[in-house]
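Enquirer: Residue numbers (full-length UniProt numbering), protein chains in the order written: chain A, 1 to 253; chain B, 1 to 262; chain C, 1 to 254.
From the three backbone atoms N, C-alpha and C, an ideal C-beta is built for every residue, glycine too.
Because the structure is a prediction, the values reported are computed rather than measured.
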Amino acid sequence: MKRLFLHPAAVLLAALLAWQIVALVKTTPLFPGPLDVAGALWDDGPRLIREIGHTLRRAVAGFALAALTMIPLGLAMGRIRALGFVGEPLVAMLATLPPPATVPVVMLFAGTGDLAKILVIAYAAAIPLVINAAEAARNLHPMLGLVGRSLGLTRLETLRLIALPSALPMLAVAARMAASAALLVSITSEMLLSTNGIGNYLQREQENFRLDAGLAGIVLISVVGLILNRLIAASERRWLGWHYQSRTAETQA
Amino acid sequence: MTALLEAGGLAKVFPGRPDPVEILRDISFAVAPEEFVSIVGPSGCGKTTLLMCLAGLLPPSSGWVRFRGQPVTDPPRGVSVVFQDYSRSLLPWKSARENVTLGMRRLGLGRAAARDRAEALLAEVGLAGFEGHFPWQLSGGMQQRVAIARALAAESALLLLDEPLAAVDAQTRADLQDLLRGLARKFRQACLLVTHDVDEAVYMADRVLVLSRRPTRILREVPLALGAERDQIDTRERPDYLAARHEILTLIRAARPEGAGA
Amino acid sequence: MTALLRPVLALGLLAALWQAVVWAAVVPERYFPPIATVVQAGMSMIARGQMQQALFDTGSRAILGAIAVNLIGIGLGLAATGAPSLRRILDTVAAILQPVPPAAVVPMAVFALGLGWKLYAFVVVLVTIWPPYLATVSALAATNPVLLSVGRMAGFGPVAMLWHIRLPAAMPEILAGVRYATTIALIAVIVSEMITGRDGIGFLLFQKAFAIRIPEVFALMFAVGLLGSAMGLAVSAVYRGFAGWHLAQRGRAA
Ligand SMILES: Nc1ncnc2c1ncn2[C@@H]1O[C@H](COP(=O)(O)OP(=O)(O)O)[C@@H](O)[C@H]1O
Ligand SMILES: [Mg+2]
């Protein structure tokens, strides 16, 4: 009985119910209840889907741009001494600059279109990727490098066949951080540089006092974020299962 | 002579994924005060599990454990453990001295007294000058000695040792064997030593318990009378040492899956 | 020595790169001013008191917010560790709220809470509390079982076990969560300032950008970087205090 009562779903349901009751008592569009939000979700459904499509498209583009440039750069910084020596403090310095602070400057150079937003997203995703790639490559087990040399691999082959796979678990962690940063910054950039996308939708509807629609947008973002997290976790299990299995084996030994 | 530690009908079944896994089946034995008992058995047969049950860290599925006549449910005062995974059993955020002091918490000593005793014990295990080092600054053998010093610090009547010397080189190992025996005698402690090394089991003990493969029972108790003083060269050449070693090795070989007739 | 040398080197390198771009004149100077111009712009903003005011507004919001949110997050993590039903509820809430960017709630929060400190408190708490909470819960649940056995052999009860074993062992992971939360607290404050457009560095950045006062934009970005580094250094100091052993251990292992 107590179990059922404290189940998260039950608590959530109770919270929604309480919210609905307060909303019914207040009877003003400025305090929408869950039913109003559901109604807005239904009414604006097609538009919401279109807007989140823009958001996701740019998030993916920014993430891809960052991954394709920053993972190789980070690995190289971790393997090549001189590059790491100058590169790492430079990256550490850039990392203290929050992504939204770059928006005004990017706007001056690239306007308010797709390119500007993708650049800011890429910058946000780049930081965890490059830092973790360098760290992973630097902490590569020395034996692995020796194995590469004993097999007569070239530097590039060692990077591709040994450094990259053994850095994968750490890169996966970085990719997870970069992906959520990409989504967050994608929405934020739309609120700051408005043209389209879910962030722009949120901004407009809330400024027009359509709070039910604003909440509907937030619900949609939350759902998309949850799905994204699940997808990443599932692909990690699929591709990196060996890593987690060997880790649990280690803790059990 | 009354027993210090007694186990009767001890069994342990883990709730495994497809089926439950029966590890221990009907283990009964006793350890007298100041007695040194070795336990040998194939790896994975449940030696660590048995020791955890004896220490009150793991509830047995059935059977009982008594220490000084009292039933064991929680870790009792007067029992110390040296864990198999010694490098993980030391607190990495505490120095060697503080790790040893942790073993004395139940004695209720003052700060200064505890500190002095910890340093004396570390000196006893040959770690004078390393009191302020952190575990990860010490070699494997040194970490093991810190773990032993911590177990000794509790002034326990019974020491449970889980393969304490498995990971050290041969020379250090011989030194630590003599050290352990010497300290146990000095502090008048009973010891239960788990090992998979038959030579070590015989060299150290007054009695050896030989375990079967899973589900694990006691195959045989081998009493020894090698005398109080042991010597790494002379003891190992004694006819009764060699006979006991022969008996145990034969027993273990017969219990191997290929040779198992039963 | 090298600890000091490397940031200086990085700064020098950054300045050299910057100046090289300026001299190569790939970008019009109007859009990419020389360092001297940026410094001048920064100095004049300081002379007018504009820079200090903005730094103070943004800094106080972000720093106070980060401190409060980390303490609350760790506290919730401790409470949830003691009460599994609370943990299930908080985990659900965390999963729902974590994907929501701070910016998304700002317009509505302005409407409900005005433009004062309550707005920033709300936004920072909503988005920043989860990293320290999740780190605390997961780290406390993952104590190495051998250490727990050691604690039981030493006669520790639940409270002593938490204090002497589980919490110290969890510190590195908890402080990683704290570090992350501290960076997002600053981000949340700046974004909120950009959207509300009243004061703080976020507001000033956009104001100067729309006025095309590019040297001042760059000077402000540099100031934000300094604020971010200062907050990062503070977290590092806390880390050394509570989990210095972990750094030293890793340094040896690597
Ligand atoms: N908590 C547990 N749950 C399930 N199986 C376990 C658990 N602990 C140990 N085992 C299993 O019990 C067996 C005996 O383990 P252990 O006592 O460590 O053996 P030994 O110390 O003799 O090598 C092993 O096969 C191990 O996988
Ligand atoms: Mg074992």
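Taking Cβ-Cβ distances shorter than 8 angstroms, what residues in chain A pair up with Tyr31 (chain C)?
Expert: By Cβ distance, chain A contributes Leu108 and Phe109.
Enquirer: Does the separation of the CB atoms of Ala101 (chain A) and Met107 (chain A) fall below 7 angstroms?
Expert: Taking 7 angstroms as the Cβ cut-off, Ala101 (chain A) and Met107 (chain A) do not qualify as a contacting pair.
Enquirer: Interface residues of chain C around Ser166 (chain A) at Cβ under 7 angstroms?
Expert: Going along chain C, no residue has its Cβ under 7 angstroms from Ser166 (chain A), so there is no contact; the nearest lies around 15 angstroms.
Enquirer: Are the C-beta atoms of Tyr239 (chain C) and some chain B residue less than 7 angstroms apart?
Expert: Not closer than 7 angstroms to any Cβ of chain B, the Cβ of Tyr239 (chain C) fails to qualify, so no.
Enquirer: Whole alpha helix (DSSP H) runs in the region 101–186 of chain B with 4 or more residues, listed along the chain?
Expert: You should have 111–124, 140–153 and 170–186.
Enquirer: Whose Cβ in chain C lies nearer than 8 angstroms to the Cβ of Gln206 (chain A)?
Expert: Residues of chain C passing the Cβ test: Pro107, Met108 and Phe111.
Enquirer: Counting beta carbon pairs with one atom in the region 218–231 of chain C and one in the region 158–169 of chain C, are three or more of them shorter than 8 angstroms?
Expert: Not touching, per the Cβ criterion.
Enquirer: Residues of chain B with CB under 8 angstroms from Gly155 (chain C), in chain order?
Expert: Near Gly155 (chain C) (Cβ distances below 8 angstroms), the residues of chain B are Pro75, Arg77, Arg105 and Arg106.
Enquirer: Let's test the definition: count the other Cβ atoms within 10 Å of the Cβ of Gly182 (chain B) and tell me whether it reaches 16, buried, or not, exposed.
Expert: The residue in question, Gly182 (chain B), is exposed, as its Cβ has fewer than 16 Cβ neighbours within 10 Å.
Enquirer: Would you check if the region 2–16 of chain B and the region 56–70 of chain B touch, i.e. whether three or more CB-CB distances between them fall below 8 angstroms?
Expert: Yes, since at least three Cβ pairs between the region 56–70 of chain B and the region 2–16 of chain B fall closer than 8 angstroms, the two stretches touch.
Enquirer: Within 8 angstroms, do at least three Cβ pairs link the region 85–102 of chain C to the region 27–47 of chain C?
Expert: Cβ pair count under 8 angstroms is below three, so no.
Enquirer: With three or more C-beta pairs closer than 8 angstroms as the rule, is the region 57–66 of chain A touching the region 244–252 of chain B?
Expert: Result no; under three Cβ-Cβ pairs closer than 8 angstroms.
Enquirer: When DSSP labels each residue in this structure, what does Lys12 (chain B) get in the three-state scheme?
Expert: Strand, per DSSP.
Enquirer: Measuring alpha carbon to alpha carbon, tell me which residue in A:Ser235, A:Ile227 and A:Glu205 is nearest Ala104 (chain C).
Expert: It is A:Glu205.
Enquirer: Answer yes or no: does any C-beta atom of chain A fall closer than 7 angstroms to that of Ala68 (chain C)?
Expert: Output row for Ala68 (chain C): interface = no.
Enquirer: Return the Cβ separation of Ala141 (chain C) and Glu173 (chain C) in integer angstroms, given the expectation that the two are a contact with Cβ distance under 8 angstroms.
Expert: Rounded, the Cβ-Cβ distance is 11 angstroms, inconsistent with contact.
Enquirer: Whole angstroms is fine: what's the gap from Ala154 (chain C)'s alpha carbon to Leu12 (chain A)'s?
Expert: Their backbone Cα atoms lie some 42 angstroms apart in a straight line.
Enquirer: At what residue ranges does the region 79–115 of chain A contain a whole run of the alpha helix (DSSP H), taking only runs of 4 or more?
Expert: Qualifying alpha helix (DSSP H) stretches, in chain order: 81–95 and 103–110.
Enquirer: Where does Phe111 (chain C) fall in DSSP's three states?
Expert: Phe111 (chain C) falls in the helix class under three-state DSSP.
Enquirer: Helix, strand or coil: which one does DSSP assign to Ala255 (chain B)?
Expert: Reduced to three states, the DSSP call for Ala255 (chain B) is coil.
Enquirer: Nearest to Pro99 (chain C) by alpha carbon, out of C:Ala54, C:Leu147 and C:Ile184?
Expert: Of the candidates C:Ala54, C:Leu147 and C:Ile184, the one whose C-alpha sits nearest the C-alpha of Pro99 (chain C) is C:Ile184.
Enquirer: Per DSSP, which one or two residues make a beta bridge with Glu22 (chain B)?
Expert: According to DSSP, Glu22 (chain B) bridges with B:Val13.
Enquirer: Taking only beta-carbon positions, decide if Arg88 (chain B) is within less than 7 angstroms of chain C.
Expert: Closer than 7 angstroms: yes.
Enquirer: Considering just the uninterrupted stretch of the beta strand (DSSP E) at Pro223 (chain B), what are its terminal residues?
Expert: Segment Ile218 to Pro223, the beta strand (DSSP E) holding Pro223 (chain B).
Enquirer: State yes or no: is the C-beta of Lys117 (chain A) nearer than 6 angstroms to some heavy atom of ligand 2?
Expert: No, ligand 2 has no heavy atom inside 6 angstroms of this Cβ.
Enquirer: Please look up how many angstroms separate the CB atoms of Gly225 (chain A) and Ala133 (chain A), rounded, as I've assumed it's under 8 angstroms.
Expert: No, Gly225 (chain A) and Ala133 (chain A) are not in contact; Cβ-Cβ is about 24 angstroms, not under 8 angstroms.
Enquirer: What does DSSP give as the partner residues of Arg207 (chain B) in its beta bridges?
Expert: DSSP lists B:Val37 and B:Pro223 as partners of Arg207 (chain B).
Enquirer: Any idea what DSSP makes of Arg138 (chain A), helix, strand or coil?
Expert: Three-state DSSP puts Arg138 (chain A) in a helix.
Enquirer: Measuring only from the beta carbon, is Gln171 (chain B) closer than 6 angstroms to any heavy atom that is part of ligand 2?
Expert: Flag unset: Cβ of Gln171 (chain B) not near ligand 2.
Enquirer: Looking only at its own chain, which residues have a Cβ that is under 6 angstroms from the Cβ of Gly197 (chain A), when we skip the five neighbours before and after it?
Expert: Within the same chain, Gly197 (chain A) has close Cβ partners Glu51, His54, Thr55 and Glu190.
Enquirer: Tell me Ile27 (chain B)'s beta-bridge partners as DSSP assigns them.
Expert: DSSP, once it has assigned bridges, lists B:Leu10 as partnering Ile27 (chain B).
Enquirer: Determine which residues share a DSSP beta bridge with Arg66 (chain B) and list them.
Expert: Its beta-bridge partners are B:Glu6 and B:Pro71.
Enquirer: Does Val60 (chain A) come out as helix, strand or coil in the three-state DSSP assignment?
Expert: Val60 (chain A): helix per DSSP, three-state reduction.
Enquirer: Secondary structure at Ala175 (chain A), three-state DSSP: helix, strand or coil?
Expert: Helix at Ala175 (chain A).
Enquirer: Can you name the start and end residues of the beta strand (DSSP E) that Cys45 (chain B) belongs to?
Expert: That residue, Cys45 (chain B), is in no beta strand (DSSP E); it is neither H nor E in DSSP.
Enquirer: When you compare the CB of Pro7 (chain C) with every CB in chain A, is at least one pair closer than 7 angstroms?
Expert: Judged by the 7 angstroms Cβ criterion, Pro7 (chain C) is in contact with chain A.
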